[in-house]
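Residue numbers (our numbering), protein chains in the order written: chain A, 78 to 377; chain B, 78 to 377.
One structure is given here, and the rest of the page talks about it.
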């Protein structure tokens, strides 16, 4: 249990409602990937300045901190012990600005991937990162884990989509390398260190993201392969013949395919069981009919 | 002039022929971007171990070092004074291996961009970075400057094409993060620090590069625009309608266009003078005829 003075310092820093301990912390929704939320206290700051203030207090006291994003990770990176403080970015959930001509978006770290995608779509643009946890996963978590997702073959990993970011170090120092220029080579690119380092070097608070043209056609194909070498050849074939339109190429093992297409799953199997590997692929293009027939011809 | 003991240590490290000083250094080809080559001595090691050995000797002596790649840069990053030692990567010019299925290429830093492109082409693949100095510019220089080039809109900057690298620190320590896995998120991605930092943190000696599908159609268009906002709209339009096929979009100011199309230049102007901005664009696709008509329709 944190001492009274520390708790009152935290409350002074972020406000009464943003500091959860005791019953209020125990009542917090249980999360499968983290297990029961255990921590000395949970703090949810609303701004970079508040994150900095909280970390400064923790640093002075030697208080261990575990950052929380959307908690969709499956590797227990967000697990905390009774002695640790959880710093959740959930209250930093503002989309700050969009530059439609420059195709960039500035968001706070607690904005979900899905809201980011929707904001881009509103301006007829695409934020290309996509993964199953989109409704809960946050941009801060996508950055801290350097997420890949289903469209990594076309648009690259999160690292390729982050133009700039702001992070707070353990002692409260705010590092700002917010940047909206795609081809920026000034100085050392220190922001790269915060991408994929799971919050161990600092807590990401805001980011400038890169948007791209929104595809006008989305076509999918589901293919069964006799063995894995065939999958490799298929990837080379479709990547070459779709010429930049291949958006996703997801390989499914037969066990996974069977379990997701037999009750209690509600999906029925589009192809018979018994093949060695299955592939779900997507082409992203500009002309719905021409692109559909191009995908069909490629697979003929 | 470096003292005899240091010179003989360098010769012991890399061999007589790899240490140039005095007349042999003065006779070296003059380079426009660097100006007359001035240095205490020039050393051209043939391996990472030799680079390490040379840097260790320089470190012990407090000898300043200037790394040399292809010398195509225009910002005097390779200029040296009479007191500095030039470490040229020119003798580290081996293409070490190609993984055709995994689409990676391992090269030494002194390999030129053009040889890298040709090696990829030999395996029906593409190394997508491209710029005018390709015949002279080296991979080490492309990495150290985080080169962009004419196809940056499609394939990203050099950072996006480097999967792993090896670098030698000033004290001779060899750091190896050679890696051929595209989606590698293990540990801190320290190699990022060497990309774009102009050799100030260490000398890049080898790299694993990413290859992509080789396009089967190359179509170009040259367009005159009435003003710059039109250029921005044109980029959005073609990027959206070419759906991943837009390979290059280079903007030319009228002064540049005129000077490159009037004698002594041998080119004749494809479009009349007098427009505010010109754009040279390229589409990279899979079906030569269909892609050509798609580009024409997009611009109609």
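The beta-carbon is built from N, C-alpha and C at its ideal position, and this holds for glycine as well.
| Query | Result |
| --- | --- |
| Three-state secondary structure (DSSP) of residue 235 of chain A | helix |
| Three-way DSSP call (helix, strand, coil) for residue 306 of chain A in this model | helix |
| Inter-stretch contact at 8 Å, needing at least 3 Cβ pairs: the stretch 189-202 of chain B / the stretch 158-167 of chain B | no |
| Residue 266 of chain A: contacting residues in chain B (beta-carbon distance under 9 Å) | 223, 236, 269, 270, 272, 273, 274 |
| Of the listed residues A:355, A:320, A:297, nearest to residue 331 of chain A (C-alpha basis) | A:355 |
| Nearest to residue 171 of chain A (by Cα), restricted to the options A:373, A:347, A:282 | A:282 |
| Helix, strand or coil at residue 219 of chain A [DSSP, three-state] | helix |
| Pairwise C-alpha distance: residue 176 of chain B and residue 146 of chain B | 25 Å |
| Rounded separation between residue 308 of chain B and residue 217 of chain A - CA only | 34 Å |
| 7 Å Cβ cut-off: residues of chain A touching residue 394 of chain B | Residue 394 of chain B lies beyond the residue range present for chain B, which begins at 78 and ends at 377; the question has no answer from this structure. |
| Residue 99 of chain B classed as buried or exposed, judged by whether at least 16 other C-beta atoms fall within 10 angstroms | exposed |
| Cut-off 7 Å between Cβ atoms - residues of its own chain near residue 328 of chain A, not counting five sequence neighbours on either side | 308, 354, 356 |
| Chain-ordered chain B contacts of residue 229 of chain A [CB-CB under 7 Å] | 260 |
| Backbone CA spacing between residue 223 of chain B and residue 157 of chain A [nearest angstrom] | 39 Å |
| Residue 318 of chain B, buried or exposed, once every other Cβ within 10 Å from all chains shown has been counted against 16 | buried |
| Presumed contact (8 Å Cβ cut-off) between residue 316 of chain A and residue 290 of chain B, rounded CB distance | 5 Å |
| Pair within 8 Å by beta-carbon distance, residue 149 of chain A and residue 210 of chain A | yes |
| Same chain, Cβ closer than 7 Å to residue 135 of chain B, five either side skipped, listed in chain order | 142, 162 |
| Residue 316 of chain A at chain B interface by Cβ criterion, 8 Å | yes |
| Beta-bridge pairing of residue 253 of chain B - partner residues as DSSP gives them | B:243 |
| Residue 280 of chain A in three-state terms, based on DSSP | strand |
| Neighbour flag for residue 255 of chain A against chain B, beta carbons, 8 Å | no |
| Within 8 Å, strictly: CB atoms of residue 255 of chain A and residue 241 of chain A | yes |
| Sufficient close CB pairs (3 or more, under 8 Å) joining the stretch 245-255 of chain B to the stretch 123-133 of chain B | yes |
| Where residue 186 of chain B sits in the DSSP three-state scheme | coil |
| Enclosing alpha helix (DSSP H) for residue 127 of chain B [first to last residue] | 125-138 |
| First through last residue of the alpha helix (DSSP H) which encompasses residue 365 of chain B | 365-376 |
| Limits of the unbroken beta strand (DSSP E) element including residue 163 of chain A | 162-165 |
| Minimum Cβ-Cβ distance from residue 280 of chain B to chain A less than 8 Å | no |
| Between the CA atoms of residue 118 of chain A and residue 160 of chain A - distance to the nearest angstrom | 8 Å |
| Identity of the residue in B:154, B:152, B:287 nearest residue 174 of chain B by Cα | B:287 |
| Proximity of residue 294 of chain B and residue 212 of chain B at Cβ, strictly below 8 Å | no |
| Closer than 8 Å to chain A by CB, residue 363 of chain B | yes |
| Pair within 8 Å by beta-carbon distance, residue 358 of chain B and residue 298 of chain B | yes |
| Cβ neighbour criterion (16 or more within 10 Å) applied to residue 130 of chain A | buried |
| Check: residue 333 of chain B C-beta below 7 Å from any heavy atom of the ligand FMN | As presented, the structure is devoid of all ligands, the ligand FMN included, so that no description of it is given. |
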